[in-house]
Amino acid sequence: MLRSWKDLDHFQEFIDSGGIVEPGDDMPDEYRSEVFRFIEFHANSELMGGLTERDWIPKTPGLRLKQIFLAKTQDEIGHAHLLYMVAADMGVKSRNQMIEELFAGKSRFHNVFHYQAVTWADQVAIAFLVDAAAFASQRAVFAQCTYGPYKRVLKRIVAEEGFHLRHGEDMLMSLAEGSPIQHQMFQEALERWWWPAVQLFGPDSDPADPLLKWKIKSERNEVLRMAYIQKFVPLLQGYGFKIPDDELRYDEASKKWLTSEIDWEPLKATMRNGGPDSRRRIANASANWSETRWVRDALDAAADNQSKNAAADGLARSAGTAA
Amino acid sequence: MRTYEVFLKRAGKEEFRHAGALDAPDDDMARLLARESYVRRGEGSLMWLVARANIVEGDSDFLEPNFDKPHRHNDGSNIAARRKRQRSAASADTEPSA
Numbered sequence: 001m002l003r004s005w006k007d008l009d010h011f012q013e014f015i016d017s018g019g020i021v022e023p024g025d026d027m028p029d030e031y032r033s034e035v036f037r038f039i040e041f042h043a044n045s046e047l048m049g050g051l052t053e054r055d056w057i058p059k060t061p062g063l064r065l066k067q068i069f070l071a072k073t074q075d076e077i078g079h080a081h082l083l084y085m086v087a088a089d090m091g092v093k094s095r096n097q098m099i100e101e102l103f104a105g106k107s108r109f110h111n112v113f114h115y116q117a118v119t120w121a122d123q124v125a126i127a128f129l130v131d132a133a134a135f136a137s138q139r140a141v142f143a144q145c146t147y148g149p150y151k152r153v154l155k156r157i158v159a160e161e162g163f164h165l166r167h168g169e170d171m172l173m174s175l176a177e178g179s180p181i182q183h184q185m186f187q188e189a190l191e192r193w194w195w196p197a198v199q200l201f202g203p204d205s206d207p208a209d210p211l212l213k214w215k216i217k218s219e220r221n222e223v224l225r226m227a228y229i230q231k232f233v234p235l236l237q238g239y240g241f242k243i244p245d246d247e248l249r250y251d252e253a254s255k256k257w258l259t260s261e262i263d264w265e266p267l268k269a270t271m272r273n274g275g276p277d278s279r280r281r282i283a284n285a286s287a288n289w290s291e292t293r294w295v296r297d298a299l300d301a302a303a304d305n306q307s308k309n310a311a312a313d314g315l316a317r318s319a320g321t322a323a
Numbered sequence: 324m325r326t327y328e329v330f331l332k333r334a335g336k337e338e339f340r341h342a343g344a345l346d347a348p349d350d351d352m353a354r355l356l357a358r359e360s361y362v363r364r365g366e367g368s369l370m371w372l373v374a375r376a377n378i379v380e381g382d383s384d385f386l387e388p389n390f391d392k393p394h395r396h397n398d399g400s401n402i403a404a405r406r407k408r409q410r411s412a413a414s415a416d417t418e419p420s421a
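In structure tokens form, the structure reads like this:
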């Protein structure tokens with residue numbers, strides 16, 4: 001063990017003085033389980049998001065966009081890899097266990113991956129609106145993040161999400177400035193995705209949220225959500241789209257865009273895996289896991305061979321010394 | 324399956340830095356997986372992969388005896404004080420007498 005703390009107060013002191021926790025540390029059980037749950041959720045979301053994008057590769061229009069979507073899918077699956085690795089190293093669940101629970105519908109992942117992408121414009125809305133919401137919340141985690149291995153992989157995840165976002169706005173721009181049909185297509189997608197994107201930040205933070213106290217989250221949900229709304233309302237309006245909220249208004253006194261009251265029921269349903277498309281998404285991902293079993297088996301067999309060869313090699317060498 | 328730690332070095336003077344870890348059956352596969360998940364946009368021009376099982380670790384207890392060895396340091400304050408004394412003596416000598 002590298003370091004240990006007498007009690008939670010000493011641990012808090014360490015966190016408050018800028019301490020970073022490493023995997024070998026004897027961290028408090030509460031910290032270990034909360035941080036693990038958070039990273040597992042993030043890993044699941046990257047995997048489910050990557051698989052959604054993969055579905056659209058054959059339907060993506062044009063070679064250039066297809067290449068972009070291929071690379072993005074690789075990025076997202078890569079993020080899942082890195083995060084599952086970090087999560088598994090916390091010693092709570094193995095990577096296989098996490099994957100199996102996810103595909104058995106026992107785990108949670110981001111609300112936005114519980115909906116169906118109906119048209120290409122939905123895919124653009126996901127690539128821009130939804131990715132931007134996820135990006136804002138990840139950046140807020142990266143800003144402090146007291147768990148060292150998570151912070152280090154977040155660095156590259158945040159960098160890559162930055163590229164995705166620029167691709168996303170490029171695609172949005174082509175629809176916005178395209179034909180009236182393209183413009184209308186995105187307007188309809190916006191109507192499906194605006195609220196899920198806003199809800200991604202979650203309801204107002206509980207002031208006692210341990211993830212805030214331990215500086216995994218650096219900002220409260222409502223602050224991030226409000227900042228997102230301030231940025232995206234004028235941006236989408238600037239492209240000539242209408243936000244699907246009749247009560248949306250600009251408050252002169254606070255100089256802020258205010259939305260109607262947010263209904264949190266849809267978010268809660270997705271957290272029970274009871275969203276509109278949850279069942280199909282999970283079944284698809286699970287089928288994909290079975291179809292790719294041969295790859296994992298081949299890798300395991302290669303690993304077995306490798307260790308057998310190494311053992312045989314060792315024997316031969318020691319026999320050589322004896323002779 | 325073996326776990327490997329990934330270290331990357333950017334072109335130029337910067338040192339190798341830890342980037343993350345991955346599981347692979349052998350060294351060749353580890354190299355390939357590392358390139359595809361850690362060096363997607365030129366994050367390094369050199370890469371080290373180290374099987375985690377081969378890392379020799381020294382923990383805080385082991386390093387602790389060297390935390391407090393003042394005789395291994397010298398902040399140069401004695402010499403600096405002497406030089407300061409000499410400077411003020413020299414400037415006193417060259418001051419024009421009244």
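Chains as they are written, first to last, in the working numbering: chain A, 1 to 323; chain B, 324 to 421.
Glycine residues also receive a C-beta, built at the ideal position from the N, C-alpha and C atoms.
What is the rounded straight-line gap between the Cα of Glu53 of chain A and the Cα of Ser383 of chain B?
-> To locate residue 53 of chain A, count along the first sequence from 1; it is residue 53. To locate residue 383 of chain B, count along the second sequence from 1; it is residue 60. So the two alpha carbons sit approximately 45 Å from each other.
Assigned secondary structure, His341 of chain B (DSSP; H/G/I helix, E/B strand, else coil) = Residue 341 of chain B sits at position 18 when you count from the first residue of the second sequence. The answer is strand: DSSP assigns His341 of chain B an E or B state.
Using a Cβ-Cβ cut-off of 9 Å, state whether Leu299 of chain A counts as contacting chain B.
-> Along the first sequence, read from residue 1 onward, the residue named residue 299 of chain A stands at position 299. Yes, Leu299 of chain A lies at the interface with chain B (some Cβ there is under 9 Å from its Cβ).
Rank A:Tyr147, A:Asp251, A:Lys268 by C-alpha distance to the C-alpha of Leu211 of chain A and give the top, closest one.
-> Working through the first sequence from its first residue, we reach residue 211 of chain A at position 211. Measuring from the Cα of Leu211 of chain A, the nearest candidate turns out to be A:Tyr147.
Quick one: what does DSSP say Glu13 of chain A is sitting in, helix, strand or coil?
-> As a first step, residue 13 of chain A is located in the first sequence; it is residue number 13 there, counting from the start. Reduced to three states, the DSSP call for Glu13 of chain A is helix.
Is any beta-carbon of chain B found at less than 9 Å from that of Ala323 of chain A?
-> Translated into the one-based positions of the first sequence, residue 323 of chain A becomes position 323. With a pLDDT of only 42 at Ala323 of chain A, under 50, the local geometry of the prediction cannot be trusted, and the value read off the model is given with reservation. Chain B contact via Cβ: absent.
Alpha carbon to alpha carbon, how far is Tyr327 of chain B from Trp331 of chain A? Give it in angstroms, no decimals.
-> Outside the shown range of chain A, which is 1 to 323, sits residue 331 of chain A, and nothing can be said about it.
For Val153 of chain A, which residues in chain B fall below 9 Å Cβ to Cβ?
-> On the first sequence, position 153 is the one that residue 153 of chain A refers to. Going along chain B in sequence order, the residues near Val153 of chain A (Cβ under 9 Å) are Ala342, Gly343.
Anyone know if the C-beta pair for Gly49 of chain A and Ala134 of chain A falls short of 9 Å?
-> Residue 49 of chain A sits at position 49 when you count from the first residue of the first sequence. Residue 134 of chain A sits at position 134 when you count from the first residue of the first sequence. Against a cut-off of 9 Å, the Cβ pair of Ala134 of chain A and Gly49 of chain A comes out as a contact.
What three-state label does DSSP hand Tyr84 of chain A in the structure shown?
-> Within the first sequence, the letter at position 84 stands for residue 84 of chain A. DSSP places Tyr84 of chain A in helix when its eight states are reduced to three.
Assuming Asn44 of chain A contacts Thr270 of chain A (C-beta within less than 8 Å), just tell me the rounded distance between them.
-> Numbered from 1 along the first sequence, position 44 holds the residue referred to as residue 44 of chain A. Numbered from 1 along the first sequence, position 270 holds the residue referred to as residue 270 of chain A. Going by Cβ atoms, the distance from Asn44 of chain A to Thr270 of chain A rounds to 12 Å, so no, they are not a contact pair.
Contact set between Met85 of chain A and chain B, taken where Cβ atoms lie within less than 9 Å | Numbered from 1 along the first sequence, position 85 holds the residue referred to as residue 85 of chain A. Here the neighbours are Thr326, Gly343, Ala344, Leu345, Asp346.
Taking all protein chains shown into account, do 16 or more other C-beta atoms lie within 10 angstroms of the C-beta of Ala323 of chain A, making it buried, or fewer, making it exposed?
-> For this step, residue 323 of chain A is matched to residue 323 along the first sequence. Any reading at Ala323 of chain A must be qualified, since the residue scores a pLDDT of 42, below 50, and its modelled position is unreliable; no value is offered.
Please confirm whether Gly105 of chain A and Ile282 of chain A have their CB atoms less than 9 Å apart.
-> Start at 1 with the first residue of the first sequence, and residue 105 of chain A comes out as number 105. Start at 1 with the first residue of the first sequence, and residue 282 of chain A comes out as number 282. Yes, they are a contact pair.
By DSSP, does Tyr147 of chain A sit in helix, in strand, or in coil?
-> What you label residue 147 of chain A is simply residue 147 of the first sequence in a count that begins at 1. Strand.
With DSSP collapsed to three states, give me the class of Arg3 of chain A.
-> Looking up residue 3 of chain A in the first sequence gives position 3. Coil.
Spatial distance of Ser137 of chain A from Glu188 of chain A (CA atoms) | Position 137 of the first sequence, counted from the first residue, corresponds to residue 137 of chain A. Position 188 of the first sequence, counted from the first residue, corresponds to residue 188 of chain A. Looking at the two C-alpha atoms, the distance is approximately 25 Å.
Alpha carbon to alpha carbon, how far is Asp277 of chain A from Pro266 of chain A?
-> Numbered from 1 along the first sequence, position 277 holds the residue referred to as residue 277 of chain A. Numbered from 1 along the first sequence, position 266 holds the residue referred to as residue 266 of chain A. Those two C-alpha atoms are separated by around 12 Å.
Can you have a look at Pro180 of chain A and say buried or exposed, based on whether 16 or more other CB atoms are within 10 angstroms of its CB?
-> Counted from its first residue, the first sequence places residue 180 of chain A at position 180. Exposed.
Cα-Cα separation, Ala208 of chain A to Arg220 of chain A | For this step, residue 208 of chain A is matched to residue 208 along the first sequence. For this step, residue 220 of chain A is matched to residue 220 along the first sequence. Cα-Cα distance, rounded: 11 Å.
Looking only at C-alpha atoms, which of A:Pro149, A:Arg280, A:Met171 sits nearest to Lys66 of chain A?
-> As a first step, residue 66 of chain A must be located in the first sequence, where it is residue number 66. Out of A:Pro149, A:Arg280, A:Met171, A:Met171 has the C-alpha closest to the C-alpha of Lys66 of chain A.
Of the listed residues B:Val362, B:Asp416, B:Asp398, nearest to Val153 of chain A (C-alpha basis) = Position 153 of the first sequence, counted from the start, is the residue given in the question as residue 153 of chain A. Selected option, being the one with the closest Cα: B:Val362.
Ends of the beta strand (DSSP E) at Lys256 of chain A?
-> If you number the first sequence from 1, residue 256 of chain A lands on position 256. Element bounds for Lys256 of chain A: 256-258.
Using DSSP with H/G/I as helix, E/B as strand and the rest coil, what is Arg370 of chain B?
-> Position 47 of the second sequence holds residue 370 of chain B. Residue identity differs from the one stated: residue 370 of chain B is Met in this sequence, not Arg. If DSSP states are grouped into helix, strand and coil, Met370 of chain B belongs with the strands.
Please classify Lys59 of chain A: is it buried, with 16 or more other beta-carbons within 10 angstroms of its beta-carbon, or exposed?
-> Walking along the first sequence from the start, residue 59 of chain A turns up at place 59. When all chains shown are included, Lys59 of chain A counts as exposed.
Please go through the same chain and pick out, in chain order, the residues whose beta-carbon is closer than 8 Å to the beta-carbon of His167 of chain A, but skip the five residues on each side of it.
-> Working through the first sequence from its first residue, we reach residue 167 of chain A at position 167. Same-chain partners within the cutoff: Ile68, Lys72, Ala127.
Would you say the region 181-200 of chain A touches the region 238-245 of chain A, given that touching needs at least three Cβ pairs under 8 Å?
-> yes
Any chance you could list the beta strand (DSSP E) runs of at least 3 consecutive residues sitting entirely within the region 135-221 of chain A, in chain order?
-> none
How many whole angstroms separate the CB atoms of Met259 of chain A and Ile216 of chain A, which I take to be in contact at a CB cut-off of 8 Å?
-> On the first sequence, position 259 is the one that residue 259 of chain A refers to. On the first sequence, position 216 is the one that residue 216 of chain A refers to. Residue 259 of chain A is actually Thr in this sequence, not Met. The pair is not a contact, with the Cβ atoms about 27 Å apart (cut-off 8 Å).
Buried or exposed (CB count within 10 angstroms, at least 16 for buried), Ala415 of chain B | Within the second sequence, residue 415 of chain B is the residue found at index 92, counting from 1. Exposed, by the Cβ-count rule.
Please name the residue, chosen from A:Asp26, A:Gln116, A:Arg37, that lies closest to Ala88 of chain A on a Cα-to-Cα basis.
-> By one-based count along the first sequence, residue 88 of chain A stands at place 88. The shortest Cα separation from Ala88 of chain A among A:Asp26, A:Gln116, A:Arg37 belongs to A:Arg37.
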